[in-house]
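Participant: In this note's numbering, each residue carries its 1-based index in the sequence shown increased by 221.
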Amino acid sequence: MWDTGHQAYVHKLLTGRRERFYTIRQFGGLSGYLRRDESPYDVVGASHASTSISAALGLAAARDLQRKDFKVVAIIGDGALTGGMALEALNSAGYLKKNLIIAINDNDKSISDNVGALHEYMKQLAACKQL
222 MWDTGHQAYV HKLLTGRRER FYTIRQFGGL SGYLRRDESP YDVVGASHAS TSISAALGLA
282 AARDLQRKDF KVVAIIGDGA LTGGMALEAL NSAGYLKKNL IIAINDNDKS ISDNVGALHE
342 YMKQLAACKQ L
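1. Since GLY298 sits in a beta bridge, which residues does DSSP pair it with?
2. So who's on the other strand from LEU321, going by DSSP bridges?
3. Closest by CA to ALA324, which one among ALA282, ALA301, GLY266 and TYR262?
4. Any contact of the segment 243-261 with the segment 275-291, i.e. 3+ C-beta pairs under 8 angstroms?
5. How would you write the range of the alpha helix (DSSP H) that ASP285 sits in, first residue to last?
6. Let me make sure I understand the geometry here. Which of GLY305, ASN320, TRP223 and LYS292 has the alpha-carbon closest to that of VAL265?
7. Across the segment 307-319 and the segment 227-241, are there enough close Cβ pairs to call them in contact, namely three or more that are closer than 8 angstroms?
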């Protein structure tokens, strides 16, 4: 589950849209975001940050209700991780104890500078990995 459209570009290339990729973000071309009506591989329509964990949690819950066996992965950026929806989804995922993988793309980039306790904690974790 990709968090924002630009993260899903490779996904688009690998899911049958390579020949039309040059039309991305053009009128009548491929969407710059995930679009369910564009491909059966886009299981949700998403264009805004902080939504991937919540959507992935929903997929994991549905998987468990149907007694299926597959992995669910949410990819989220460090800036989007600080969004309220992402934090609520993390809290719910921990409470529900769903088998869910969350990959954080921590590239220290966002629309503006990342700030706050979570950002500082992530920097400390990264420093520990370098030791």
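Where a beta carbon is used, it is the ideal one built from N, C-alpha and C, also for glycine. In this text, all values refer to a predicted model and were calculated from it rather than measured experimentally.
Facilitator: Answer, in terms of the structure:
1. ASN326
2. DSSP lists no partner for LEU321.
3. ALA301
4. Contact between the segment 243-261 and the segment 275-291 is absent, because fewer than three Cβ pairs lie under 8 angstroms.
5. 273-286
6. TRP223
7. no
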